[in-house]
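In what follows, a structure is listed as structure tokens, so that the remarks can point back to it.
Residue numbers (this note's numbering): 1 to 213.
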């Protein structure tokens with residue numbers, strides 16, 4: 001069990017406790033085939049009164065499968081510990097923001113006005129603005145050819161963002177890294193040409209505390 005530190009000593013942190021002991025509660029749907037819940041799934045949805053008990057059994061199976069059942073992640077030494085307090089929507093937004101920055105060089109090669117307007121409309125102004133930062137960007141981005149369509153660009157941004165977020169957790173030990181991976185898409189792959197420390201720095205630069213729990 002992980003504990004946060006205060007001026008008065010250790011303080012119980014329910015968010016970290018859930019992260020360590022009940023990963024099934026925040027499991028990304030793409031991981032369910034690898035960690036089937038069995039009868040727990042129906043039981044969890046049948047009765048809220050006993051849901052936590054079934055989550056305990058399911059989570060124990062997950063953590064034992066990964067070899068980290070008896071190895072809780074420690075907040076005090078975690079480089080990416082601040083990600084634990086993000087909810088699913090917050091992680092998705094952070095991944096999209098990271099992907100927008102990483103894809104910026106390829107977006108800037110697309111010169112069609114109609115194409116750019118479609119991309120801006122699809123992304124929204126906040127995400128689109130991250131592709132226009134230039135030298136002010138927290139990362140220069142990853143080089144590559146121009147995108148064929150705005151839809152291709154958006155899909156690639158999200159994929160790269162998830163992969164970069166997954167890569168950032170390589171700066172931590174297995175106890176945290178493997179738990180955090182359960183909250184990200186199973187197919188999140190590290191982008192080529194992006195070192196883990198750079199991925200972590202990018203994530204921190206784009207951190208939006210309002211999305212934390």
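Idealized CB from N, CA, C, for every residue including glycine.
Nonlocal neighbours in the same chain, by C-beta distance under 6 angstroms from residue i, ignoring five residues either side
{"i": "residue 100", "result": "127, 130, 131 and 157"}
{"i": "residue 66", "result": "178"}
{"i": "residue 35", "result": "62"}
{"i": "residue 43", "result": "54"}
{"i": "residue 23", "result": "59, 62, 179 and 182"}
Between the CA atoms of residue j and residue i - distance to the nearest angstrom
{"i": "residue 194", "j": "residue 49", "result": "45 angstroms"}
{"i": "residue 205", "j": "residue 109", "result": "24 angstroms"}
{"i": "residue 250", "j": "residue 30", "result": "The shown model of the chain, from 1 to 213, leaves out residue 250, and the question about it has no answer."}
{"i": "residue 167", "j": "residue 51", "result": "32 angstroms"}
{"i": "residue 138", "j": "residue 95", "result": "14 angstroms"}
{"i": "residue 74", "j": "residue 32", "result": "25 angstroms"}
{"i": "residue 114", "j": "residue 92", "result": "27 angstroms"}
{"i": "residue 122", "j": "residue 159", "result": "16 angstroms"}
{"i": "residue 19", "j": "residue 200", "result": "20 angstroms"}
{"i": "residue 196", "j": "residue 190", "result": "9 angstroms"}
{"i": "residue 145", "j": "residue 153", "result": "11 angstroms"}
{"i": "residue 188", "j": "residue 151", "result": "19 angstroms"}
{"i": "residue 208", "j": "residue 112", "result": "32 angstroms"}
{"i": "residue 232", "j": "residue 37", "result": "The requested residue 232 is not part of the displayed model; the chain covers only 1 to 213."}
{"i": "residue 198", "j": "residue 12", "result": "32 angstroms"}
Contact belief for residue i with residue j at Cβ below 8 angstroms, rounded distance in angstroms
{"i": "residue 147", "j": "residue 118", "result": "Rounded, the Cβ-Cβ distance is 11 angstroms, inconsistent with contact."}
{"i": "residue 59", "j": "residue 21", "result": "6 angstroms"}
{"i": "residue 102", "j": "residue 141", "result": "5 angstroms"}
{"i": "residue 78", "j": "residue 172", "result": "6 angstroms"}
{"i": "residue 181", "j": "residue 169", "result": "7 angstroms"}
Nonlocal neighbours in the same chain, by C-beta distance under 8 angstroms from residue i, ignoring five residues either side
{"i": "residue 57", "result": "40"}
{"i": "residue 185", "result": "28, 30 and 162"}
{"i": "residue 68", "result": "174, 175, 178 and 179"}
Proximity of residue i and residue j at Cβ, strictly below 7 angstroms
{"i": "residue 26", "j": "residue 183", "result": "yes"}
{"i": "residue 71", "j": "residue 175", "result": "yes"}
Close Cβ partners of residue i (< 7 angstroms) along its chain, the five nearest in sequence each way excluded
{"i": "residue 98", "result": "161, 164, 165, 202, 203 and 206"}
{"i": "residue 143", "result": "105"}
{"i": "residue 116", "result": "110"}
Contact test: residue i Cβ vs the ligand SAM heavy atom, cutoff 6 angstroms
{"i": "residue 13", "result": "You won't find the ligand SAM in this model; it holds no ligand whatsoever."}
CB contact below 7 angstroms: residue i versus chain C
{"i": "residue 25", "result": "No chain C appears in this structure, which consists of one protein chain only."}
(message) Quick check on the DSSP output: what are the complete beta strand (DSSP E) runs of length 3 or more inside the segment 86-154, in order along the chain?
(response) none
(request) Scan the segment 7-43 and note each continuous alpha helix (DSSP H) run of 4 residues or more that stays entirely inside, going in chain order. (result) Counting whole runs of 4 or more residues, the segment 7-43 contains the alpha helix (DSSP H) stretches 14-21.
(request) Within the segment 146-208, note down every full alpha helix (DSSP H) run reaching 4 residues or more, in order along the chain. (result) 150-168, 174-181 and 196-205
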